[in-house]
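In our numbering, the protein residues as written are 1228 to 1395.
Ideal placement from N, C-alpha and C gives every residue a C-beta, glycine not left out.
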Ligand SMILES: [Zn+2]
Ligand SMILES: [Zn+2]
């Protein structure tokens, strides 16, 4: 399975990969998923061949079916890859382009781009497209935590300490 941090700017993605991720030692790469209720924190870090410029990353995300699928299905190994995303609005989309609501472009109102299905809450057509970049790293250190357990995990603890507990 892939874990895919998303970027809209290809230059930014490439320089982050070559400056940081490229130098990571694969067995040391860590994925940490810390559940805090409705959200989870995705934390990414590793030991680097260039420790002086090493970085770790985190992002707070809402729970999703993608997340649940990954949690159940990863079997202890995943690829870290970057993805480029682009948005298409109603005017740019073709008739069969799928909206985030699951219905295609043609099933949206021509005037205000809202979904024509009455039981669908979609107010405005919006489509995301993701292209995966080729470079990847294999990650085998994958841990799911509850927030009360972060103190036992150095990477998660450092992240929560710096970005949550010191900012009250
Ligand atoms: Zn819809
Ligand atoms: Zn829609």
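query                                                                                                   : result
Among 1243, 1237, 1259 and 1232, nearest to residue 1368 - alpha-carbon criterion                       : 1259
Where residue 1386 falls: helix, strand or coil (DSSP)                                                  : helix
Proximal residues to residue 1244 (C-beta, below 8 Å), its chain only, five neighbours per side dropped : 1309, 1360 and 1362
Residue 1277 versus residue 1250 - alpha carbon distance                                                : 6 Å
Spatially closest choice to residue 1271 from 1347, 1357, 1345 and 1287, by CA coordinates              : 1287
Start and end residues, beta strand (DSSP E) containing residue 1310                                    : 1305-1315
Opening and closing residue of the beta strand (DSSP E) in which residue 1272 lies                      : 1266-1272
Ligand 1 site residues, beta-carbon cut 7 Å against heavy atoms                                         : 1326, 1328, 1329, 1330, 1334, 1342, 1344, 1347 and 1349
Spatial distance of residue 1371 from residue 1274 (CA atoms)                                           : 20 Å
CB contact flag (residue 1321, residue 1332, <8 Å)                                                      : yes
Within 8 Å, strictly: CB atoms of residue 1335 and residue 1355                                         : no
Proximity test, residue 1224 beta-carbon vs ligand 2 heavy atom, cut-off 7 Å                            : Because the chain is modelled from 1228 through 1395, residue 1224 falls outside the range shown and cannot be assessed.
For residue 1374, the three-state DSSP class (helix, strand or coil)                                    : helix
Three-way DSSP call (helix, strand, coil) for residue 1290 in this model                                : coil
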